[in-house]
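Colleague: Residue numbers (our numbering), protein chains in the order written: chain Z, 1103 to 1517; chain E, 33 to 170; chain S, 41 to 384. Built from N, CA and C at the ideal position, the CB exists for glycine as well. Following this message is one structure expressed as structure tokens.
What follows is the structure in structure tokens.
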């Protein structure tokens, strides 16, 4: 009889012990950190663990944007496994496969072209994303298509509004198995690592992410395991060089030949040994001259990147007969001020006069000085450069031959 | 220790242990049920440009609910929540009346007739540097 | 003292044999206690659970991660449900293997089998209430099985789903079935089942004249043993719940875009395995129903155990029933193991 009494007493003690254990375990749980970003108004608990992440950029403050709107994931979960199970694009929500859900939306980066908010549409149709330039030329060269107009890209894409004469309405997906030429097969195996959806080849000099972050998250190789939380428009030339200037394609063997020189300084690193260029081209960074349209696309699908490259020496220096185009910043809404806010290397304000391109894109890091000369601040370096217009100088260039390669004849730098 | 004493001791121990477990259970129940899933109500309201409210006007803001008054002394606001049991009072010719239990207030919010004894609550109105009007439920 | 249900179940004394652990395994009583735990923890979950497609999985996350001790409550509910499946199976096996299903207990055996089916349905509907990616295929497959039934399949499907495909109406229906229809049925049947135990002469032991063991225990000793079983079960549940969280997954956001693994709850894995063989009506509906039918017929068509052999395991007189149950058990176990092995 007293067996069961003793057992009951012992079991009661066991029960209490189990309860105490649970209570103790529960009280040791870290206090969750709630964040309610103003954009969504929905609580997120990501910052419970991610306490020391730097703000990704001045234009995406975490109190406004939060985490989940871009990264997806389970905003309520306090268990790392579940919280990360639905992350968009793994750690990189800007990968082109998910960029529309992550970065899109009419209030974000898939707005109208008039306000310049159509970033995603422009990038998805750009040659960097479609790789249509290389694909078109290879297929043309090896007889898979009769013309040099783009028909296929890395992924199928449609452009509802073709606004340029060289724009193509749509691309199909490049499918090398449909092409009989062995060279095209080899091309598809060896040469598809430099578009925005591709993982880069191995090696620090190629290290970059995919999607928007391929350019806007520079220097990933300097962070352990690519753990970098940054988006910037201050993109140094080294980031462009993770795809460009790394070597050449050998069309006979259809392989990529990495450059063999070991560049020791900016002058030698910047361009490949065979290239010709002037001093400003290597002292500045690529993004100081190549505008948003040139580097992210103009919204049309093109067969070749050269179709949208239009900035030339004369854009900043003018010609013998004309000064470069300028614009006075009239209001706070001017695109130039917004761009200057993203990368505040220059204290631009209403009333300042800046240079603009032939397509009216603001060169927001330039300014016309009172004495008629110009200054430019390097977007990545912050370095100030003074320069003058060509008009009234000794230049003997003919006005109708103002393409950049004519300038190289006199002004090229010797290495 | 006799058989009976041991039995009583065991019985007492068992009951004490079970009672302690039960108390834990009750405490846990209290903690469990005392969790807020609703976000706290808004306490700051942006009313737009101050210049849109002319001097000498009174405007009912039903979503707060409050009455915004702009006179020579500047902006002020009254809560339209009856101080009796929280119904929203209605404006009548001379002041405010509560539809629930008939409390009367004059047009400055002072209590005229019960059951509410306290005047309508005054709310804080701020003008920001760029001319925006903000109302705070303090 | 006025007679009440408690005293009906706890007469002043009972034969000691009726409450011996190694005979009853305490399975039936533990099942009743687990049902109580499920009702209480389930009621607590209802304070936070939101049965709408866009909120359900999120509210489960709120319970699991944010409500103080909410994770514990949910884990208790989960583990009590899993234990209930185990305990009811053990209880069924005990009744068959000790030959305790004979007259006058034949009807109560059917009641018990009905409770077993209710437990499975409750477990399945509860699983679906998570409404996350982990349950998606179980929902699709489980309900599509109904469609394969000739003539009435489509109607049954629409009655259960509330539409031509799973959606908001499905969730609210499963919710209503889980917390009301099936639960109410389970509580009522449990009461009836327990009432019938005493009505049928208590737990099966030989009649007084054939009884070799004359020992009896008092009502107080019986209650003490019940309390002991409850405390031990509670401690086990709390420990399990504290250290083994119930499964959870990301919400179903787009019905089409689900990539999670498609494994069914563990107690229907054997059906899932048979479904790989082909005809879903045969393997997914008929065979399980046939198994249920065989179980239901055991007291009616197999030879009855001798009264004198009651109250102990494996009486010689019900060897056939033993082989039938062992056969079914071995088959189900083998299929489950097969499904587990091929799952990874």
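#1: With DSSP as the reference, identify every bridge partner of residue 102 of chain E, one or two as the case may be.
#2: Am I right that residue 1170 of chain Z and residue 1179 of chain Z are in contact with their C-beta atoms under 8 Å? What's the rounded C-beta distance?
#3: CA-CA distance, residue 1370 of chain Z and residue 1516 of chain Z?
#4: Suppose the cutoff is 6 Å on Cβ atoms and the five residues either side in sequence are ignored; what does the same chain contact list for residue 156 of chain E look like?
#5: I'd like to know whether the C-beta of residue 1469 of chain Z is nearer than 8 Å to at least one C-beta of chain S.
#6: Considering only the alpha carbon of each residue, which of S/115, S/335, S/292 lies closest to residue 97 of chain S?
#7: From residue 69 of chain S to residue 269 of chain S, what does the alpha carbon distance come to, in whole angstroms?
#8: Check the Cβ-Cβ distances between residue 100 of chain S and every residue of chain E, and say whether any is below 8 Å.
#9: Determine, using beta carbons only, whether residue 117 of chain S and residue 81 of chain S come nearer to each other than 8 Å.
#10: What beta strand (DSSP E) runs, 3 residues minimum, are completely inside the segment 113-159 of chain E?
#11: Considering Cα atoms alone, identify which of S/307, S/113, S/272, S/196 is closest to residue 1113 of chain Z.
#12: Taking C-beta to C-beta, are residue 1438 of chain Z and residue 1466 of chain Z nearer than 8 Å?
#13: What residues in its chain sit with their C-beta under 8 Å from that of residue 1452 of chain Z, if we drop five residues either side in the sequence?
#14: According to DSSP, is residue 1518 of chain Z part of a helix, a strand, or is it coil?
#15: Measure the Cβ-Cβ separation of residue 1120 of chain Z and residue 275 of chain S and say whether it is below 8 Å.
#16: Is there a Cβ from chain S that is less than 8 Å from the Cβ of residue 1130 of chain Z?
#17: If you follow the beta strand (DSSP E) that residue 1469 of chain Z is in, where does it begin and where does it stop?
#18: Report, in whole angstroms, the separation of the C-beta atoms of residue 314 of chain S and residue 375 of chain S, which I expect to be a contact under 8 Å.
#19: Under 7 Å from any heavy atom of the ligand MN, does the C-beta of residue 62 of chain S make it?
#20: For a quick check, are the C-beta atoms of residue 55 of chain S and residue 245 of chain S less than 8 Å apart?
#21: If the criterion is Cβ atoms closer than 8 Å, does the pair residue 318 of chain S and residue 112 of chain S meet it?
#22: Apart from the five residues just before and just after residue 1380 of chain Z, which ones in its own chain have a Cβ nearer than 7 Å to its Cβ?
#23: Tell me residue 1357 of chain Z's beta-bridge partners as DSSP assigns them.
#24: I need the boundaries of the alpha helix (DSSP H) containing residue 1383 of chain Z, first residue and last residue.
#25: Can you give me the C-alpha to C-alpha distance between residue 1263 of chain Z and residue 1457 of chain Z, rounded to a whole angstrom?
#26: What runs of the alpha helix (DSSP H), each 4 residues or longer, lie entirely inside the segment 1408-1487 of chain Z?
#27: Within 8 Å of any Cβ in chain E, is that where the Cβ of residue 1126 of chain Z sits?
#28: Give me the residue from S/382, S/330, S/357, S/323 with the minimum Cα distance to residue 185 of chain S.
#29: For residue 1305 of chain Z and residue 1322 of chain Z, I'd like the C-alpha separation in whole angstroms.
#30: Can you find a CB in chain Z that lies within less than 8 Å of the CB of residue 115 of chain E?
#31: Reducing DSSP to helix, strand and coil, say where residue 1103 of chain Z ends up.
#32: How far does the alpha helix (DSSP H) with residue 160 of chain S in it reach, from first residue to last?
#33: When you check each C-beta in the segment 104-121 of chain S against every C-beta of chain E, which residues fall closer than 9 Å?
#34: Hey, quick one: how far does the beta strand (DSSP E) through residue 325 of chain S stretch, first residue to last?
#35: Check whether the segment 79-90 of chain E touches the segment 129-136 of chain E, taking contact to mean three or more Cβ pairs, one atom from each stretch, closer than 8 Å.
#36: Taking only beta-carbon positions, decide if residue 1108 of chain Z is within less than 8 Å of chain S.
Modeller: To lay it out plainly:
#1: E/89, E/107
#2: Incorrect: roughly 11 Å between the Cβ atoms, too far for contact.
#3: 11 Å
#4: 168, 170
#5: no
#6: S/292
#7: 8 Å
#8: no
#9: yes
#10: 127-129, 136-138, 143-145, 154-159
#11: S/272
#12: yes
#13: 1431, 1432, 1433, 1434, 1436, 1439
#14: For chain Z, the structure presents residues 1103 to 1517; residue 1518 of chain Z sits outside this window and is missing.
#15: yes
#16: no
#17: 1468-1470
#18: 6 Å
#19: For the ligand MN, the structure offers nothing, since it holds no ligand at all.
#20: yes
#21: no
#22: 1509, 1510, 1513, 1514, 1515
#23: Z/1352
#24: 1381-1385
#25: 29 Å
#26: 1415-1419, 1437-1444
#27: no
#28: S/323
#29: 12 Å
#30: no
#31: With a pLDDT of 47 at residue 1103 of chain Z, under the threshold of 50, the predicted position of this residue should be treated as unreliable, and no value is reported.
#32: 146-169
#33: 106, 107, 108, 109, 110, 112, 113
#34: Neither: residue 325 of chain S is in no beta strand (DSSP E) and is coded neither H nor E.
#35: no
#36: no
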